[in-house]
Amino acid sequence: MDGFDAGDHASKWSSTTGSWKVSTATRFGVGRCLYGFDADKLVKNIEPSNKIFMGFAFDANNTVTGSSRGLVSVFGDAGVTEHISLSIYEAPGKVTLKRGSTGGGTILADGMIRATGWQYIEISASVSDTVGEVVVKADGVTVINYTGDTKNGGTNTTIDRVVVSNSYSNTYWYFDDFYLCNDTGTTNNTFLGDVRVHTLLPTADTAVADLTPTGSSSHYANVSDIPDSTATYNASGIVGHKDLYTMSDLPSGVTTIHATQANNLARKTDAGAIGLKNIVKSGGITASGVTKQLSASTTGTSDIFAVDPATSTAWTVAGVNGVEVGAEVA
133 MDGFDAGDHA SKWSSTTGSW KVSTATRFGV GRCLYGFDAD KLVKNIEPSN
183 KIFMGFAFDA NNTVTGSSRG LVSVFGDAGV TEHISLSIYE APGKVTLKRG
233 STGGGTILAD GMIRATGWQY IEISASVSDT VGEVVVKADG VTVINYTGDT
283 KNGGTNTTID RVVVSNSYSN TYWYFDDFYL CNDTGTTNNT FLGDVRVHTL
333 LPTADTAVAD LTPTGSSSHY ANVSDIPDST ATYNASGIVG HKDLYTMSDL
383 PSGVTTIHAT QANNLARKTD AGAIGLKNIV KSGGITASGV TKQLSASTTG
433 TSDIFAVDPA TSTAWTVAGV NGVEVGAEVA
(Lines of atoms letter the chains of each structure in order from A; the text may use other names.)
(Lines give C-alpha, C1' and ligand atoms only; values in the text may rest on other atoms or scores of the structure.)
Protein backbone atom coordinates (compact mmCIF):
# COMPACT_ATOMS: atom_id res chain seq x y z
CA MET A 133 0.00 0.00 0.00
CA ASP A 134 1.12 3.58 -0.50
CA GLY A 135 -0.51 6.85 0.51
CA PHE A 136 2.39 8.88 -0.97
CA ASP A 137 2.33 11.20 2.06
CA ALA A 138 5.97 10.71 3.00
CA GLY A 139 7.35 11.37 -0.46
CA ASP A 140 9.27 8.08 -0.31
CA HIS A 141 7.52 6.29 -3.16
CA ALA A 142 10.85 5.40 -4.77
CA SER A 143 11.62 3.22 -1.73
CA LYS A 144 8.25 1.43 -1.67
CA TRP A 145 8.13 0.47 -5.34
CA SER A 146 10.49 -1.95 -7.09
CA SER A 147 11.50 0.76 -9.53
CA THR A 148 10.31 4.09 -10.88
CA THR A 149 10.93 5.95 -14.11
CA GLY A 150 10.33 9.56 -15.03
CA SER A 151 9.92 12.53 -12.75
CA TRP A 152 7.12 11.73 -10.31
CA LYS A 153 6.34 14.57 -7.91
CA VAL A 154 4.45 14.93 -4.65
CA SER A 155 1.52 17.34 -4.40
CA THR A 156 -0.87 18.54 -1.71
CA ALA A 157 -3.74 18.69 -4.25
CA THR A 158 -5.34 15.57 -2.78
CA ARG A 159 -8.92 14.46 -3.15
CA PHE A 160 -9.85 15.36 0.45
CA GLY A 161 -7.52 18.33 0.94
CA VAL A 162 -5.18 16.63 3.42
CA GLY A 163 -1.92 14.76 3.08
CA ARG A 164 -0.12 14.32 -0.21
CA CYS A 165 -0.61 12.56 -3.51
CA LEU A 166 1.66 11.66 -6.41
CA TYR A 167 1.51 13.06 -9.91
CA GLY A 168 3.33 12.04 -13.05
CA PHE A 169 3.81 13.14 -16.63
CA ASP A 170 4.61 11.57 -20.00
CA ALA A 171 5.99 7.99 -19.64
CA ASP A 172 6.33 8.14 -15.84
CA LYS A 173 6.00 4.63 -14.38
CA LEU A 174 5.72 2.98 -10.98
CA VAL A 175 6.77 -0.69 -11.07
CA LYS A 176 5.89 -3.21 -8.36
CA ASN A 177 7.27 -6.75 -8.45
CA ILE A 178 5.19 -9.20 -6.40
CA GLU A 179 5.07 -12.87 -5.48
CA PRO A 180 3.61 -14.86 -8.38
CA SER A 181 -0.17 -14.70 -7.91
CA ASN A 182 -3.08 -16.38 -9.67
CA LYS A 183 -5.29 -13.33 -9.22
CA ILE A 184 -4.66 -9.79 -8.07
CA PHE A 185 -6.81 -6.93 -6.82
CA MET A 186 -5.63 -3.34 -6.84
CA GLY A 187 -7.09 0.09 -6.28
CA PHE A 188 -6.03 3.73 -6.37
CA ALA A 189 -7.52 7.19 -6.35
CA PHE A 190 -7.07 8.77 -9.76
CA ASP A 191 -7.52 12.15 -11.42
CA ALA A 192 -6.71 12.44 -15.14
CA ASN A 193 -6.78 16.23 -14.70
CA ASN A 194 -7.77 16.79 -18.34
CA THR A 195 -9.86 15.48 -21.22
CA VAL A 196 -7.68 12.87 -22.90
CA THR A 197 -7.98 12.62 -26.67
CA GLY A 198 -6.00 10.95 -29.42
CA SER A 199 -4.20 7.62 -29.21
CA SER A 200 -4.13 5.15 -26.32
CA ARG A 201 -2.63 6.41 -23.03
CA GLY A 202 -1.43 3.62 -20.75
CA LEU A 203 -2.65 3.55 -17.14
CA VAL A 204 -2.07 0.03 -15.76
CA SER A 205 -0.20 -3.02 -17.08
CA VAL A 206 -0.06 -6.54 -15.63
CA PHE A 207 2.94 -8.81 -16.32
CA GLY A 208 4.06 -12.40 -15.83
CA ASP A 209 7.15 -14.51 -16.52
CA ALA A 210 9.34 -12.47 -14.14
CA GLY A 211 8.04 -9.21 -15.54
CA VAL A 212 8.74 -10.10 -19.17
CA THR A 213 5.28 -10.84 -20.62
CA GLU A 214 2.76 -7.99 -20.63
CA HIS A 215 -0.51 -9.89 -20.46
CA ILE A 216 -3.04 -7.14 -19.80
CA SER A 217 -3.10 -3.37 -20.15
CA LEU A 218 -5.68 -0.74 -19.29
CA SER A 219 -5.53 2.61 -21.02
CA ILE A 220 -7.49 5.79 -21.46
CA TYR A 221 -8.26 5.56 -25.13
CA GLU A 222 -9.11 8.08 -27.84
CA ALA A 223 -12.00 9.84 -26.06
CA PRO A 224 -12.43 11.59 -22.68
CA GLY A 225 -13.22 9.03 -19.99
CA LYS A 226 -13.06 5.99 -22.28
CA VAL A 227 -11.02 3.13 -20.78
CA THR A 228 -9.90 0.23 -22.93
CA LEU A 229 -8.75 -3.23 -21.83
CA LYS A 230 -6.23 -4.95 -24.06
CA ARG A 231 -4.50 -8.29 -24.14
CA GLY A 232 -0.91 -7.23 -24.55
CA SER A 233 0.55 -3.75 -24.51
CA THR A 234 -1.25 -0.44 -24.58
CA GLY A 235 0.21 0.46 -27.94
CA GLY A 236 -0.11 -2.84 -29.81
CA GLY A 237 -2.38 -5.25 -28.00
CA THR A 238 -5.76 -6.72 -28.89
CA ILE A 239 -8.80 -4.80 -27.63
CA LEU A 240 -10.94 -6.94 -25.31
CA ALA A 241 -13.44 -4.49 -23.82
CA ASP A 242 -14.24 -0.80 -23.30
CA GLY A 243 -15.83 1.16 -20.49
CA MET A 244 -16.34 4.71 -19.30
CA ILE A 245 -15.01 6.61 -16.28
CA ARG A 246 -15.12 10.32 -15.51
CA ALA A 247 -12.81 12.33 -17.74
CA THR A 248 -11.68 14.61 -14.91
CA GLY A 249 -11.87 14.80 -11.14
CA TRP A 250 -10.93 12.34 -8.44
CA GLN A 251 -12.41 8.85 -8.60
CA TYR A 252 -11.41 5.50 -7.14
CA ILE A 253 -10.34 2.91 -9.71
CA GLU A 254 -10.17 -0.80 -8.86
CA ILE A 255 -8.95 -3.65 -11.05
CA SER A 256 -8.91 -7.42 -10.62
CA ALA A 257 -7.05 -9.65 -13.07
CA SER A 258 -6.22 -13.28 -13.73
CA VAL A 259 -4.38 -14.81 -16.68
CA SER A 260 -5.65 -17.69 -18.83
CA ASP A 261 -6.03 -18.63 -22.49
CA THR A 262 -9.73 -19.30 -21.92
CA VAL A 263 -11.07 -18.26 -18.51
CA GLY A 264 -9.00 -15.20 -17.62
CA GLU A 265 -10.93 -12.48 -15.85
CA VAL A 266 -10.58 -8.70 -15.65
CA VAL A 267 -12.95 -6.45 -13.74
CA VAL A 268 -12.57 -2.66 -13.67
CA LYS A 269 -14.55 -0.49 -11.26
CA ALA A 270 -14.86 3.27 -10.87
CA ASP A 271 -16.20 4.44 -7.51
CA GLY A 272 -17.61 0.96 -6.92
CA VAL A 273 -19.43 0.72 -10.26
CA THR A 274 -18.26 -2.00 -12.66
CA VAL A 275 -17.30 -0.46 -16.02
CA ILE A 276 -15.52 -3.49 -17.55
CA ASN A 277 -16.24 -7.16 -16.81
CA TYR A 278 -14.35 -9.45 -19.17
CA THR A 279 -13.90 -13.24 -19.20
CA GLY A 280 -11.83 -14.97 -21.88
CA ASP A 281 -8.29 -15.00 -23.23
CA THR A 282 -6.06 -12.73 -21.13
CA LYS A 283 -2.79 -14.60 -21.73
CA ASN A 284 -0.48 -12.79 -24.13
CA GLY A 285 1.83 -15.70 -24.86
CA GLY A 286 4.64 -16.42 -22.45
CA THR A 287 4.88 -19.46 -20.20
CA ASN A 288 3.21 -18.92 -16.84
CA THR A 289 -0.31 -17.84 -15.94
CA THR A 290 0.73 -16.15 -12.71
CA ILE A 291 1.08 -12.39 -12.26
CA ASP A 292 4.35 -11.08 -10.84
CA ARG A 293 4.54 -7.41 -11.84
CA VAL A 294 2.17 -4.45 -11.89
CA VAL A 295 2.95 -1.12 -13.55
CA VAL A 296 1.04 2.11 -12.94
CA SER A 297 1.86 4.85 -15.41
CA ASN A 298 0.99 8.09 -17.12
CA SER A 299 1.60 7.80 -20.84
CA TYR A 300 -0.05 11.12 -21.67
CA SER A 301 2.28 13.97 -22.59
CA ASN A 302 -0.23 16.82 -22.34
CA THR A 303 -1.02 16.85 -18.63
CA TYR A 304 -0.21 15.41 -15.23
CA TRP A 305 -2.17 12.46 -13.84
CA TYR A 306 -2.68 12.29 -10.08
CA PHE A 307 -2.62 9.12 -7.94
CA ASP A 308 -3.27 8.41 -4.27
CA ASP A 309 -4.34 5.74 -1.75
CA PHE A 310 -2.92 2.71 -3.56
CA TYR A 311 -3.47 -0.90 -2.49
CA LEU A 312 -2.52 -4.26 -4.02
CA CYS A 313 -3.43 -7.75 -2.82
CA ASN A 314 -4.06 -11.24 -4.19
CA ASP A 315 -6.74 -13.87 -3.67
CA THR A 316 -4.89 -15.93 -1.06
CA GLY A 317 -5.27 -15.93 2.72
CA THR A 318 -8.30 -15.21 4.86
CA THR A 319 -8.23 -11.41 4.70
CA ASN A 320 -7.66 -8.77 2.02
CA ASN A 321 -8.25 -11.32 -0.74
CA THR A 322 -10.78 -9.41 -2.84
CA PHE A 323 -11.73 -5.84 -3.73
CA LEU A 324 -11.31 -3.56 -0.69
CA GLY A 325 -13.43 -0.72 -2.07
CA ASP A 326 -12.62 2.98 -1.89
CA VAL A 327 -9.92 3.10 0.79
CA ARG A 328 -7.56 5.68 2.21
CA VAL A 329 -3.96 5.09 3.24
CA HIS A 330 -3.12 7.19 6.29
CA THR A 331 0.55 7.83 7.08
CA LEU A 332 1.35 7.87 10.81
CA LEU A 333 4.66 9.24 12.07
CA PRO A 334 6.74 8.69 15.22
CA THR A 335 5.87 11.14 18.00
CA ALA A 336 7.87 9.94 21.02
CA ASP A 337 10.50 7.48 22.20
CA THR A 338 9.65 4.36 24.18
CA ALA A 339 11.66 2.35 26.69
CA VAL A 340 13.04 0.31 23.78
CA ALA A 341 15.77 2.59 22.43
CA ASP A 342 18.94 0.56 21.77
CA LEU A 343 20.09 2.41 18.66
CA THR A 344 22.47 5.37 18.84
CA PRO A 345 20.86 8.65 17.73
CA THR A 346 22.45 11.17 15.38
CA GLY A 347 20.91 14.59 14.97
CA SER A 348 18.63 14.69 17.99
CA SER A 349 18.90 12.93 21.33
CA SER A 350 15.24 12.01 20.87
CA HIS A 351 15.33 8.91 18.69
CA TYR A 352 11.88 9.47 17.17
CA ALA A 353 12.82 12.96 15.94
CA ASN A 354 15.56 11.49 13.76
CA VAL A 355 13.11 9.36 11.77
CA SER A 356 9.97 11.48 11.60
CA ASP A 357 10.97 14.06 9.00
CA ILE A 358 9.04 14.44 5.73
CA PRO A 359 10.71 14.18 3.33
CA ASP A 360 13.42 12.02 4.84
CA SER A 361 16.71 13.66 5.75
CA THR A 362 19.88 11.56 5.76
CA ALA A 363 21.41 14.00 8.24
CA THR A 364 19.39 12.50 11.11
CA TYR A 365 19.17 8.78 11.89
CA ASN A 366 19.47 6.06 14.52
CA ALA A 367 22.08 3.32 14.09
CA SER A 368 23.57 0.15 15.53
CA GLY A 369 25.72 -2.72 14.32
CA ILE A 370 24.63 -5.11 17.06
CA VAL A 371 22.18 -7.81 16.04
CA GLY A 372 19.11 -7.71 18.25
CA HIS A 373 19.27 -3.99 18.99
CA LYS A 374 15.86 -2.34 18.57
CA ASP A 375 14.13 1.00 18.51
CA LEU A 376 10.38 1.37 19.04
CA TYR A 377 8.45 4.63 18.73
CA THR A 378 5.05 5.88 19.79
CA MET A 379 3.07 6.82 16.68
CA SER A 380 0.57 9.53 15.80
CA ASP A 381 -3.12 8.62 15.97
CA LEU A 382 -5.46 7.88 13.10
CA PRO A 383 -7.66 10.79 12.03
CA SER A 384 -11.22 10.86 13.28
CA GLY A 385 -13.83 9.03 11.25
CA VAL A 386 -11.84 5.86 10.56
CA THR A 387 -13.90 2.71 11.14
CA THR A 388 -12.58 -0.28 9.20
CA ILE A 389 -8.85 -1.00 9.13
CA HIS A 390 -7.76 -3.52 6.51
CA ALA A 391 -4.09 -3.68 7.54
CA THR A 392 -1.13 -1.74 8.83
CA GLN A 393 2.23 -1.39 7.14
CA ALA A 394 5.54 -0.64 8.83
CA ASN A 395 8.09 1.25 6.72
CA ASN A 396 11.72 2.08 7.34
CA LEU A 397 14.63 3.46 5.33
CA ALA A 398 18.01 1.91 6.11
CA ARG A 399 21.50 1.21 4.80
CA LYS A 400 24.71 -0.38 6.03
CA THR A 401 27.87 1.67 6.63
CA ASP A 402 30.56 -0.99 6.25
CA ALA A 403 31.36 -4.24 4.46
CA GLY A 404 29.76 -7.47 5.62
CA ALA A 405 26.20 -8.70 5.91
CA ILE A 406 23.67 -6.99 8.15
CA GLY A 407 19.91 -6.76 7.96
CA LEU A 408 16.85 -5.07 9.38
CA LYS A 409 13.42 -6.21 10.48
CA ASN A 410 10.39 -3.95 10.76
CA ILE A 411 8.69 -4.50 14.11
CA VAL A 412 5.37 -3.53 15.67
CA LYS A 413 4.36 -3.90 19.31
CA SER A 414 0.76 -4.00 20.47
CA GLY A 415 -0.56 -4.94 23.89
CA GLY A 416 2.88 -6.15 24.94
CA ILE A 417 3.22 -8.48 21.93
CA THR A 418 5.89 -7.78 19.30
CA ALA A 419 5.55 -8.96 15.70
CA SER A 420 8.41 -8.87 13.21
CA GLY A 421 8.57 -8.63 9.46
CA VAL A 422 10.95 -10.49 7.20
CA THR A 423 14.67 -9.75 7.56
CA LYS A 424 15.92 -7.57 4.71
CA GLN A 425 19.64 -7.61 3.94
CA LEU A 426 20.94 -4.06 3.57
CA SER A 427 23.27 -2.51 1.02
CA ALA A 428 25.38 0.65 1.13
CA SER A 429 22.54 2.52 -0.58
CA THR A 430 19.49 3.63 1.36
CA THR A 431 16.78 1.02 0.87
CA GLY A 432 13.11 1.08 1.75
CA THR A 433 11.72 -1.81 3.78
CA SER A 434 7.99 -2.46 4.20
CA ASP A 435 5.97 -5.17 5.92
CA ILE A 436 2.22 -5.65 6.06
CA PHE A 437 0.63 -6.60 9.38
CA ALA A 438 -2.92 -7.65 8.52
CA VAL A 439 -3.93 -8.44 12.12
CA ASP A 440 -3.16 -6.97 15.53
CA PRO A 441 -0.45 -9.15 17.15
CA ALA A 442 -2.11 -8.62 20.54
CA THR A 443 -5.40 -10.18 19.43
CA SER A 444 -4.65 -12.05 16.17
CA THR A 445 -7.77 -10.38 14.78
CA ALA A 446 -8.42 -7.31 12.66
CA TRP A 447 -6.96 -4.04 13.85
CA THR A 448 -9.19 -1.61 15.69
CA VAL A 449 -8.76 2.14 15.89
CA ALA A 450 -7.71 1.78 19.53
CA GLY A 451 -5.19 -0.89 18.57
CA VAL A 452 -3.59 1.25 15.89
CA ASN A 453 -3.54 4.33 18.10
CA GLY A 454 -1.71 2.34 20.78
CA VAL A 455 0.80 0.59 18.54
CA GLU A 456 4.56 1.10 18.71
CA VAL A 457 6.55 0.79 15.50
CA GLY A 458 10.26 0.52 14.85
CA ALA A 459 13.13 -1.60 13.63
CA GLU A 460 15.45 -4.36 14.80
CA VAL A 461 19.01 -5.04 13.63
CA ALA A 462 19.14 -8.57 12.20
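Position 245 (the sequence shown) corresponds to 377 in this note's numbering; numbering is contiguous.
Here a beta-carbon is modelled for each residue, glycine too, at the ideal position from N, C-alpha and C.
- A distance below 6 Å between beta-carbons, with the five flanking residues on each side excluded, links residue 219 to the following residues of its chain, in chain order: 200, 201, 202, 203, 228 and 234.
- Under the 8 Å Cβ criterion, the stretch 345–352 does not count as touching the stretch 434–441, having fewer than three qualifying pairs.
- Under the 10 Å beta carbon count, residue 216 is surrounded by 16 or more other beta carbons and is classified as buried.
- Judged by pairs of C-beta atoms under 8 Å, the stretch 162–176 does not touch the stretch 255–262, as fewer than three such pairs exist.
- By the Cβ criterion, the stretch 381–393 is not in contact with the stretch 420–428, since fewer than three pairs of Cβ atoms, one from each stretch, lie closer than 8 Å.
- Setting aside the 5 residues that flank it on each side, residue 271 is surrounded in the same chain by 251, 252 and 326, each with a C-beta closer than 8 Å to its C-beta; the list follows chain order.
- DSSP places residue 413 in the strand class (E or B) of the three-state scheme.
- For residue 363, the closest alpha carbon among the candidates 224, 337, 430 and 405 is that of 430.
- In this structure, the beta-carbon distance from residue 182 to residue 291 falls below 9 Å.
- Fewer than three beta-carbon pairs drawn from the stretch 329–342 and the stretch 144–153 are found closer than 8 Å, and the two stretches are therefore not classed as touching.
- In the structure shown, the three-state DSSP call for residue 205 is strand.
- Taking 8 Å as the upper bound for CB-CB distance, residue 454 and residue 427 are not in contact here, some 34 Å apart.
- Rounded to the nearest whole angstrom, the CA to CA distance from residue 385 to residue 337 is 27 Å.
- Around the Cβ of residue 273, a 10 Å sphere holds fewer than 16 other Cβ atoms; the residue is exposed.
- Put simply, the backbone Cα of residue 161 is about 11 Å away from that of residue 155.
- Where residue 144 is concerned, the enclosing alpha helix (DSSP H) starts and stops at 141–144.
- Close CB contacts of residue 366 within its chain, under the 6 Å cut and outside five residues either way in sequence, are with 343, 345, 351, 354 and 375 (chain order).
- When secondary structure is reduced to three states using DSSP, residue 390 falls in the coil class, being assigned neither helix nor strand.
- Restricted to the stretch 213–240, the beta strand (DSSP E) segments that are unbroken, complete and at least 3 residues in length are 213–222 and 226–231, listed in chain order.
- For residue 295, the uninterrupted beta strand (DSSP E) segment begins and ends at 291–298.
- If only complete runs of 3 or more residues are kept, the stretch 267–339 shows the beta strand (DSSP E) at 273–280, 291–298 and 305–314, in order along the chain.
- Here residue 177 is exposed. Its C-beta has fewer than 16 other C-beta atoms within 10 Å.
- In this chain, the beta strand (DSSP E) harbouring residue 177 covers 172–181.
- By the 16-neighbour rule on beta-carbons within 10 angstroms, residue 398 is buried.
- The beta-bridge partner set that DSSP reports for residue 433 consists of 396.
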